[in-house]
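> Here's a structure for you.
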Amino acid sequence: MASPMRIRAAAKDGVTEVRVLMSHVMETGQRKDSAGEVIPAHFITELTAKHNDKLVLSAEFGPSVSTNPYLAFKFKGGEKGDKITVSWVDNKGDSRTDEAQIA
Amino acid sequence: MKKLFIAVPLALCASVAVADELQAKVEEMMLSSFKANGIASLDRQKQDEIQQACSSPTPPDAATMQRLQAAEMAKIQWPADGNYTGGDWKEGQKIAASGRGLTWTDKTPNNNGGGCYNCHAMDPNEVSEGTIGPSLEGYAKLRGNGEEIVKYTWGKLWNSKAYHACSDMPRNGYGGILTEAQIRHVMAFLFDPASPVNQ
Amino acid sequence: MRKRIKAVAVCVGIALTAPASAQEELNFDAYREMLADGNPAELYEMEGEELWRTARGPNNATLEQCDLGLGAGVVAGAAAQLPRYFEDAGRVQDIETRLMYCMETLQGIPSKEIIDGKFLQGERAKLAALVAYVVTHSKGEKIAIDLSHPKVKEMYELGERTFYYRLGVMDFSCASCHSQDGKRIRATQLPNITTREGAAEGWGSWPAYRVSSSQFWTMQHRLWDCFRQQRAAEPIFGSDVIIALSTFMAGKGNGIEAKWPGVKR
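First to last, the sequence lines map onto chains A, B and C.
Quick note on my numbering: the first sequence kicks off at -9 and runs consecutively.
Quick note on my numbering: the second sequence kicks off at 494 and runs consecutively.
Quick note on my numbering: the third sequence kicks off at 40 and runs consecutively.
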């Protein structure tokens, strides 16, 4: 099972900044282990972020993104106490959804 | 008055005794807190005379330093055929760049690196260079290749402690870090006019 | 004539090296700052917080009654005052040996499993996550270990001797690399641990997330790898030599803010 994300969101002057830290191996499929075997690719392919129920960000991820990715973005609007939901899906079909409130 | 006079030397004795006790504890700890792993045996935890003399913030007195240096000087192996610099500077360059070897994750004590760049600048084109030791850029261009400097450099590479008992530099030849052939390659890297060190 | 040549050489030398090194240092700082915002050490901290509260081990107990020196269950500020002497254990313990002690006494997880284990694996990896949790609650606190305690003081002195103790095939001690200001091994800057600021910089930035390897390293892990590079034999997890060096660094850095968990290249 995937580990939780850390999500922080803060609204200021009508703009909300969201910062997300994800726990994921982001294995490229290009590396070999000490026995010379290829380590199978395992990475996040898609990420979405919602403000309450409205989609504010949709992103395609790939093997070039680092282990334990960090993502920061801003969107217009958002009030203190509103719900931010971030979800990702990886190439093995694993997924994770976490929520935070705007501070 | 008399009492006070006696108290002083007593206090001095006590502090010396405590210091020795601490030293014994350190030596014991350096064995009991470690375990052998691969080629890194517990023998590595025992100090030789040089290591013992140079294990405090202040070096030993000048006479001790000279005595230690003379003993180390006698341990230097000079090339029997007088061939100091006839190595391949390209091999020397590889040895200088490699910091590998002799850790508990290394399998054998062969083909170690010299780790020169960890502390010294050498080829001016190499930017990732340490600063603990002096820069060796333009080594032979600045110093020439006279007998004295060539012999000194061989000796320094083989056993740095012969010139400064508490030098930070490893005793590459004496310690079995580099072979005689490897040292000759490093010598070529420093002295060969074609070597990037001298460009 | 000779003098003139020398002067030219010096100028060229400065022209070549000065901008490069200034730029390098700038980049390091900017890079660290950039990383600090999304320091993945937080992921370990989250895992550690959960582990602290989860009933585990043969005793099916949590660690919430673990006494880190400020009373049972008190986490805030505890890391800044470690290592310290613990009456119940009868020895000076750092954060890792103290957590290991709690895992054994409260949860029944044998310390042997951790001591004989490997970094980043099994119970030792879980211990590292707990370390992340505990240090985060001392972030920005001043290092404040109690050197007035005779046992802590003795550990400090043993640590100082260890710091200068040369050994092994390369004759290195900690001091070989960490006793001068502004030195580097290759491109890595080295703190001068013989100074108060340098000791605090070294002590107060571990545990840390290492970006290049995507791994979270505790101080014991850091020191273990220092000894490997020193070409020593392998230090035993939680052994006195590690506690002694930790006490020396922490004690030397007393009074300066700790920046843990750190983030490193």
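Note that beta-carbon positions come from the ideal geometry of N, C-alpha and C, so glycine has one too.
Being a predicted model, the structure only gives us computed values, none of them experimental.
Use the C-beta contact count for residue 647 of chain B: other C-beta atoms within 10 angstroms, 16 or more gives buried, fewer gives exposed.
In the second sequence, counting from the first residue as 1, residue 647 of chain B sits at position 154. Buried: at least 16 other Cβ atoms inside 10 Å.
> Are the C-beta of residue 131 of chain C and some C-beta of chain B separated by less than 9 Å?
Counted from its first residue, the third sequence places residue 131 of chain C at position 92. So no, residue 131 of chain C is outside the interface.
> Can you tell me whether DSSP reads residue 237 of chain C as helix, strand or coil?
Here residue 237 of chain C refers to the residue found at position 198 when the third sequence is read from its first residue. DSSP places residue 237 of chain C in helix when its eight states are reduced to three.
> At the 9 Å Cβ level, is residue 616 of chain B part of the contact set with chain C, yes or no?
In the second sequence, residue 616 of chain B corresponds to position 123, counting from 1. Answer no: the Cβ-Cβ gap between residue 616 of chain B and chain C never drops below 9 Å.
> Any beta-carbon of chain C closer than 9 Å to the one on residue 47 of chain A?
Looking up residue 47 of chain A in the first sequence gives position 57. With 9 Å as the cut-off, residue 47 of chain A does not count as an interface residue toward chain C.
> Should residue 153 of chain C be flagged as near chain B, meaning a C-beta pair shorter than 9 Å?
Along the third sequence, one-based indexing puts residue 153 of chain C at 114. It does not: the Cβ of residue 153 of chain C has no partner Cβ on chain B nearer than 9 Å.
> Using a Cβ-Cβ distance under 9 Å, would residue 250 of chain C count as near chain B?
Mapped onto the third sequence, residue 250 of chain C falls at position 211. Taking Cβ atoms only, chain B never reaches closer than 9 Å to residue 250 of chain C, which makes this a no.
> Name the chain C residues that come within less than 8 Å of residue 37 of chain A, Cβ to Cβ?
Here residue 37 of chain A corresponds to residue number 47 of the first sequence, with the count starting at 1. Within 8 Å Cβ-Cβ: nothing; residue 37 of chain A doesn't reach chain C, min ~15 Å.
> Could you tell me if residue 257 of chain C is buried or exposed, where buried requires 16 or more neighbouring beta carbons within 10 angstroms of its beta carbon?
Taking the first residue of the third sequence as position 1, residue 257 of chain C is located at position 218. So residue 257 of chain C counts as buried.
> Where does residue 176 of chain C sit, in a helix, a strand or coil, going by DSSP?
The residue labelled residue 176 of chain C in the question sits at position 137 within the third sequence. If DSSP states are grouped into helix, strand and coil, residue 176 of chain C belongs with coil.
> If you measure between the beta carbons of residue 540 of chain B and residue 206 of chain C, is that distance less than 9 Å?
Along the second sequence, one-based indexing puts residue 540 of chain B at 47. Along the third sequence, one-based indexing puts residue 206 of chain C at 167. For residue 540 of chain B and residue 206 of chain C, yes; Cβs fall inside 9 Å.
> Identify the contact partners of residue -6 of chain A in chain C, using a Cβ-Cβ distance below 7 Å as the criterion.
By 1-based counting over the first sequence, the position of residue -6 of chain A is 4. What residue -6 of chain A touches in chain C: 85.
> Closest Cβ-Cβ distance between residue 147 of chain C and chain A: below 9 Å?
By one-based count along the third sequence, residue 147 of chain C stands at place 108. Output row for residue 147 of chain C: interface = no.
> Based on the DSSP output, what are the partners of residue 301 of chain C in its beta bridges?
Residue 301 of chain C sits at position 262 when you count from the first residue of the third sequence. Answer is C:247.
> Take the Cβ of residue 688 of chain B as the centre, count every other Cβ of all protein chains shown within 10 Å, and call the residue buried at 16 or more, exposed below.
Here residue 688 of chain B is taken as the residue at index 195 of the second sequence, counted from 1. Counting Cβ neighbours within 10 Å, residue 688 of chain B comes out buried, since at least 16 surround it.
> Given that a residue counts as buried once 16 or more other Cβ atoms are within 10 Å of its Cβ, and exposed if not, what is residue 538 of chain B?
Within the second sequence, residue 538 of chain B is the residue found at index 45, counting from 1. With 16 or more other Cβ atoms within 10 Å, it is buried.
> So residue 247 of chain C and residue 294 of chain C are supposed to be a Cβ contact under 8 Å. How far apart are they, rounded?
Against the third sequence, residue 247 of chain C aligns to sequence position 208. Against the third sequence, residue 294 of chain C aligns to sequence position 255. At roughly 21 Å, the Cβ-Cβ gap does not stay under 8 Å, so residue 247 of chain C and residue 294 of chain C are not in contact.
> Let's see if you can read the secondary structure: which residues bound the beta strand (DSSP E) around residue 46 of chain A?
On the first sequence, position 56 is the one that residue 46 of chain A refers to. Looking at the DSSP string, the run of the beta strand (DSSP E) that includes residue 46 of chain A is 44 to 50.
> Label residue 165 of chain C either buried or exposed according to how many other C-beta atoms from any shown protein chain fall within 10 Å of its C-beta, with 16 as the threshold for buried.
Numbered from its first residue, the third sequence carries residue 165 of chain C at position 126. Classification for residue 165 of chain C: buried.
> Check whether chain C comes within 9 Å of residue 597 of chain B, counting only Cβ atoms and requiring the distance to be less than that.
Start at 1 with the first residue of the second sequence, and residue 597 of chain B comes out as number 104. Taking Cβ atoms only, chain C reaches closer than 9 Å to residue 597 of chain B, which makes this a yes.
> Can residue 520 of chain B be considered in contact with the ligand MN, in the sense that its beta carbon sits closer than 8 Å to one or more heavy atoms?
This structure lacks the ligand MN; in fact it carries no ligand of any kind.
> What are the residues of the region 168 to 188 of chain C that lie near chain B, defined by any Cβ-Cβ distance shorter than 8 Å?
Under the 8 Å Cβ criterion, the region 168 to 188 of chain C contributes no residue.
> What separation, rounded to the nearest whole angstrom, lies between the Cα atoms of residue 667 of chain B and residue 605 of chain B?
In the second sequence, the residue the question calls residue 667 of chain B occupies position 174. In the second sequence, the residue the question calls residue 605 of chain B occupies position 112. Each residue's Cα considered, the two are about 14 Å apart.
> Cα-Cα, which of C:160, C:120, C:106, C:191 is closest to residue 144 of chain C?
On the third sequence, position 105 is the one that residue 144 of chain C refers to. The shortest C-alpha separation from residue 144 of chain C is found at C:106.
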